[in-house]
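Participant: Sharing a structure below in structure tokens format, with a few things to ask.
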Amino acid sequence: MSMKKKADVFDIINYVVLTLLIIIIVYPFLYVVVNSFNALSSHRPSFFWPEQPTLMTYQTVFKDESLLHSFWISVLRTVVGTSFTVIVTSLCSYAMSKNFLKFRPLYVVLFTIPSFFNGGMVPVYLNIRNLGLLDTFWVYILPAGFSFFYMVLMISAFRAIPESLEEAAFIDGAGFFSVFVKIILPVSVPTLATVALYAAVGQWNAWYDTMFYTNKNSLQTLSSVLMRIVRENNLGEMTSELTSDMENRSYNPEGVKMATMVVSVLPIIFIYPFLQRYFVKGIMVGSIKG
Amino acid sequence: MKRKKKSVSTALGRDRKSQLTLQLMVAPALIVVILFSYFPMYGVIIAFKNYDIFKGIMESPWARNNGLEHFIDFFSAPQAGSVIWNTIYMAFLKLIFCMFPPMVLAVLLNEVRSIKFMKTVQTMSYLPHFISWAVAGGIFYNLLNPSRGALNTLLVDWGILEKGIDFISDERYFRPIIVLTQIWKGIGWGSIIYLGVIVSIDQELYEAVEIDGGKRMAKIRYVTWPFLKPTFAILFIMECGKIMSGGDTFDQIYVFGNTQNRGVADILDTFINRVGLEQGRYSYATAANLFKSVINIILLLLANKISGRLTEQSLF
């Protein structure tokens, strides 16, 4: 009945408000894309279409070896880091999904506390230094190995699997590890994908660890390079080699910076359809169980 | 028979070998947590010591005034007052202005009749959630730039301004920028959880309001809102545990903060990061951090208790 009602004032206002909201949310992205294709570093920005369209800015980005290297490091940390997180957390979650796991109550406490209290920036930094992880690739991977939130997601998924599936394998003499690998993991792919996507976006966007735990140029990630560019812009300084390089080589340094941003967002846009679906699922499960 | 018995005990983890397997599966995660979460917690002791890199945590001498030297230094430092004030100010702005928009968006989305339009709005609104503050900061830096940014160009063109304003560096505009960009980044993502609740509401409840002659506003007020309140309460409690972290705005303030707006931008987290990691005053920064964490936990527990009394909703 109510579905057939004609649109009233509320509906019209609602559509207008939501349309405006979407314009406000999307336009900043469009603005950066448009201006990243701008040839002239003029004092007037282009609003909807580049005044003098060019690909030079992107050519500059893809010719910059240090930028390409940072892109590669970002890819590497995302792939290795995500795999490590998924492996460590899923192994642990499977064992934790069994109530007869010895010391389980203790583990629950141990895993929960860090989500409410942490040592703080300096003790974390000093700890990483004492462990000899400063200026190593592993500083991106190892600390991210376990996440309480991912564990909650996985435990609820593992518990939803019918026990009969496992029992058949146990009767055939399989142990927990082989049941986990051969039965549990294959049926939990959607949840694993959800966690993997969360972890991957986190790895791709991470900049703090690169900024404060590494100095080597060879370890810089795209995200940290961007953070540096934006901060230097903001502070009105041009200190790093990278940005001064850009100033020299290109006739539109601002356009090149925007092209760098676009390049860094592209991988996220590519996997966006998956991101959306699995992330929403993840947040729903997390909110119900958490 | 024997074989069957064994498999049952395996399935229940009763035999030694299978229990060992399970323990080994927990081990990697346990090692990660101990190494990277519990070791730093132990490191908090340096707040009460004069940390010396060469001596390590154990051997470093205790600080003066019964180990409270760095706390006293922090509270008597000239910037302490303004840093704490900025932190709390920012957190309250976030509580007041950033908590409602996602809920309102969820309610509005639910009123949309075209599923296609609804899905489009949702998809678009999540996008900013997936980019880092480095990129988001870069985007707004370009939009708000005083000489070649879109906003200033328009304002000058329309004769509203004579010369572009450096909005980000201006202390008057800094806080609004933080709030607005936060809403921009979080509104879509934050709406998911509310939308999930709204979808689960029994349609008969709405029909009941309709029979009583209630219009749309009545439905939102008497049906939707009571269902959303518990979720809102939980999110509110969690947000209260972030007050001394300025509502978790470190990344954002790190991007937008500069020497000109520091008077309003500097919050505890940026202060601790600067003093600790950039200036190397380890013990001092750790003392400030410990103060921050303790107040955060107290506020979380307090909010939890008050909410438990008022709305019967609590985290634990």
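Chains as they are written, first to last, in the working numbering: chain V, 148 to 437; chain A, 153 to 468.
Virtual Cβ for every residue (Gly too), placed ideally from N, Cα, C.
Bear in mind the structure is a predicted one, so any value in this text is a computation, not a measurement.
#1: Roughly how many angstroms separate the alpha carbons of A/GLY289 and V/PHE317, rounded to a whole number?
#2: In its own chain, which residues sit with a C-beta less than 6 Å from the C-beta of A/ALA440, not counting the 5 before and 5 after it?
#3: Going by the beta-carbon positions, is the gap between V/MET374 and A/SER284 smaller than 9 Å?
#4: Could you run through the segment 332-349 of chain V and flag, in chain order, every residue whose CB is less than 7 Å away from some CB of chain A?
#5: Can you pull the DSSP bridge partners for A/TRP214?
#6: With H, G and I counted as helix, E and B as strand and the rest as coil, what does DSSP make of V/ASN399?
#7: Residues of chain A with CB closer than 9 Å to the CB of V/LYS249, please, in chain order.
#8: What whole-angstrom Cβ distance do V/GLY267 and A/LEU442 have, given they're in contact under 8 Å?
#9: Whose C-beta lies closer than 7 Å to the C-beta of V/GLY429 among residues of the same chain, with five residues either side of it excluded?
#10: Relative to the ligand COA, is the shortest distance from any of its heavy atoms to the C-beta of A/ILE291 smaller than 8 Å?
#11: What's the gap between the Cα of V/LYS436 and the Cα of V/SER294?
#12: Output the distance between the C-alpha atoms of V/ALA343 and V/TYR297, rounded to the nearest integer angstrom.
#13: According to a CB-to-CB cut-off of less than 8 Å, which residues of the segment 437-457 of chain A neighbour chain V?
#14: Does the beta-carbon distance from V/ARG378 to A/TYR406 come in below 9 Å?
#15: Along chain A, in chain order, which residues have C-beta atoms closer than 8 Å to that of V/TYR178?
#16: As a quick exercise: from V/VAL334, V/GLN350 and V/ARG424, pick the residue whose alpha carbon is nearest that of V/SER411.
#17: Which same chain residues end up closer than 7 Å to A/GLY195 when comparing Cβ atoms and leaving out the 5 residues on each side of it in sequence?
#18: Just reading off the alpha helix (DSSP H) that A/TRP310 is part of, what are its end residues?
#19: Can you give me the C-alpha to C-alpha distance between A/LYS154 and V/ALA347, rounded to a whole angstrom?
#20: Can you check whether the CB of A/PRO192 is closer than 9 Å to the CB of V/VAL235?
#21: According to DSSP, simplified to helix, strand and coil, what is V/PRO414?
#22: May I ask you to list the residues that DSSP assigns as paired with V/ASN185?
#23: Under the rule that 16 or more other beta-carbon atoms within 10 Å means buried, what is A/ILE389, buried or exposed?
#24: Anything in chain A within Cβ reach of V/THR236, meaning under 8 Å, just list it in chain order.
#25: Verify whether the separation of the beta carbon atoms of A/ALA199 and A/THR422 is less than 9 Å.
#26: Beta-carbon within less than 8 Å of A/ILE350's beta-carbon, same chain only, minus the 5 sequence neighbours each way: which residues are those?
#27: Using the Cβ count rule (16 or more neighbours within 10 Å means buried), how would you classify V/LEU369?
#28: What whole-angstrom Cβ distance do A/GLN175 and A/LYS246 have, given they're in contact under 8 Å?
#29: Near A/VAL273, what residues of its chain come up, given a Cβ to Cβ distance below 7 Å and the 5 sequence neighbours on each side ignored?
#30: Beta carbons nearer than 7 Å to chain V: which residues of the segment 208-242 of chain A have them?
#31: Does V/LEU289 come within less than 9 Å of chain A when only Cβ atoms are used?
#32: Ignore the nearest five residues each way along the sequence and tell me which others in A/GLY511's own chain have a CB closer than 8 Å to its CB.
#33: Between the segment 258-275 of chain V and the segment 201-208 of chain V, are three or more C-beta pairs nearer than 8 Å?
#34: Would you say A/ASN425 lies against chain V (beta-carbon separation less than 9 Å)?
#35: Once you ignore the five residues that flank A/ALA229 on each side, which residues in its own chain have a CB closer than 7 Å to its CB?
#36: Rounded to whole angstroms, what is the Cα-Cα separation between V/LEU472 and V/SER217?
Facilitator: On the basis of the coordinates in this document:
#1: 54 Å
#2: PHE226 and ILE424
#3: yes
#4: VAL348
#5: A/LYS201
#6: coil
#7: The contacting residues are GLY165, GLN171, LEU174 and GLN175.
#8: 7 Å
#9: LEU300, THR341 and TYR345
#10: Annotation note on the ligand COA: not contained in the displayed structure, which lists no ligands.
#11: For V/LYS436, the pLDDT reaches just 47, beneath the cut-off of 50, and the residue's location in the model is therefore unreliable, although a value from the coordinates is still provided. Approximately 15 Å, taken between the alpha carbons.
#12: 9 Å
#13: Hits within the stretch, in order: ALA437, THR438, ASN441, LEU442, LYS444, SER445, ILE449 and LEU452.
#14: yes
#15: ILE291, ASN294, LEU295 and ALA302
#16: V/GLN350
#17: ILE209
#18: A/TRP310 -> no alpha helix (DSSP H), and no H or E assigned at all.
#19: Residue placement at A/LYS154 is flagged as unreliable, the pLDDT there being 47, under the threshold of 50; the coordinate-derived value follows with that caveat. Near 47 Å, if we compare the C-alpha coordinates of V/ALA347 and A/LYS154.
#20: Taking C-beta atoms as the reference points, V/VAL235 and A/PRO192 fail to come closer than 9 Å.
#21: It is helical.
#22: V/PRO200
#23: buried
#24: ALA181
#25: Inclusion of A/ALA199 and A/THR422 in the CB contact set at 9 Å is not warranted, their separation being larger than that value.
#26: ALA258, VAL259, ASN262, THR376, PHE379 and LEU380
#27: buried
#28: Not a contact, Cβ separation roughly 43 Å.
#29: LEU261
#30: Flagged: no residues at all.
#31: yes
#32: Because chain A here runs from 153 to 468, residue 511 of chain A falls outside it and cannot be looked at.
#33: no
#34: Residue-level contact check: A/ASN425 touches chain V, since one or more beta carbons of chain V fall below 9 Å from its beta carbon.
#35: none
#36: This structure leaves residue 472 of chain V out entirely; chain V is present only between 148 and 437.
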